[in-house]
Amino acid sequence: MKTDRWSADLDEITQSFKVAFGALTPDELNWKPNASTWSIAQIIHHLIVVNETYYPILEQIRKGSYYTPRFGQIGFIHRFFGKFILDSVQPTQKRKIKTFSIWEPEQSSIRPDIVMQFEKHQHELKQVIRSSEDLLAKNTIISSPANRMIVYKLETAFDIIVAHERRHLNQAQELNKTRLS
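Per the working numbering, the sequence shown starts with residue 3, numbered consecutively.
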C-alpha cells in the first residue's frame with residue numbers, strides 16, 4: 003500500500019518523541035529560553051493542531067461537499083505550491099518560518115501528558131492516511147487548511163506532514179539540548 007511509507011515514518015517519529023521527551027517533567031516540557039521561542043510541549047501541540055486541520059478537508063471530500071479552487075486543477079500550480087511548501091518544511095531547512103495563526107500552539111502551559119496525546123494523535127493520523135488510499139489513487143488535489151489559494155496533491159500533503167514533524171522533532175531536540183546546557 004502506498005500509505006505504508008507514511009505509517010512507518012510516523013511510527014519512527016512517534017518513537018523518537020517518546021524516547022526524547024516522554025520522561026520529561028511538566029516544567030521541562032514547558033521550559034522556554036525566551037518569550038519568542040516555543041517550548042517542547044508547544045511544538046508537540048503545534049504538530050497535533052496542524053495535522054488535525056486536514057481532517058475536515060478529507061471529511062468534506064468524502065461527503066462530496068469539498069470544493070477545490072479551479073486553479074488547483076492546473077498542474078503546474080499545484081506542483082509549484084506542493085514543492086514550495088514541502089521544501090520549506092524539510093528538516094534540513096534552517097530558515098525559521100512564521101506559522102499561520104490557525105496553527106499557533108497554546109500560549110499557556112501545556113498539559114503534562116502531551117507526549118501521550120501526541121502518540122494517540124499519531125495513531126489516529128495513520129488511520130486517516132490509510133483510509134485515504136482511494137483519494138490518493140484519484141490524485142486528489144486539496145487546498146492548504148491555512149489558505150485556500152495554496153493547493154497541492156493529497157499525496158504531497160502527507161509528505162508535508164511527515165517532513166514538518168521531522169523538522170519540529172529536530173527543533174525540540176535542539177531546544178532540549180539548550181535546556182540542559
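The beta-carbon is built from N, C-alpha and C at its ideal position, and this holds for glycine as well.
Contact between the segment 62-74 and the segment 134-150 is present: 3 or more CB-CB pairs across the two stretches fall below 8 Å.
The Cβ atoms of A165 and V52 do not sit closer than 8 Å to each other. Annotation: T101 to D136 spans about 30 Å, alpha carbon to alpha carbon.
Bridge pairing for N149: S146 [DSSP]. Restricting attention to alpha helix (DSSP H) runs no shorter than 4 residues, the segment 3-87 encloses them at 6-23, 28-31, 42-54, 57-65, ordered along the chain.
Taking G84 as the centre and dropping the five residues before and after it, the same chain places the C-beta of Y154, K155, T158 closer than 7 Å to its C-beta, in chain order.
Taking all protein chains in view, the Cβ of S133 is surrounded by fewer than 16 other Cβ atoms within 10 Å, so the residue is classified as exposed. Excluding sequence positions up to five before and after I79, its CB lies within less than 8 Å of the CB of F73, V153, all in the same chain and listed in chain order.
Closest option to F120, judged by alpha-carbon separation, among P107, P93, E106, F19: F19. Per DSSP, the beta bridge partners of K155 are I143. F23 is the residue among D161, K4, R7, F23 whose C-alpha sits nearest the C-alpha of E176. When the Cα atoms are used, Y57 and K34 turn out to be separated by approximately 30 Å. Taking the C-beta atoms as reference points, H47 is found nearer than 8 Å to I116.
DSSP places Q173 in the helix class (H, G or I) of the three-state scheme.
Residue nearest to A174 within the set D89, L49, S67, L12 is L49 (criterion: CA-CA distance). Apart from sequence neighbours up to five positions away, the residues of its chain that approach K128 with a beta-carbon distance below 6 Å are S9, L12, ordered along the chain. Here DSSP, grouped into helix, strand and coil, assigns D136 to helix. When rounded, the separation of the alpha-carbon atoms in Q95 and N172 is 11 Å.
For D6, the number of other beta carbons within 10 angstroms of its own is below 16, and it is reported as exposed.
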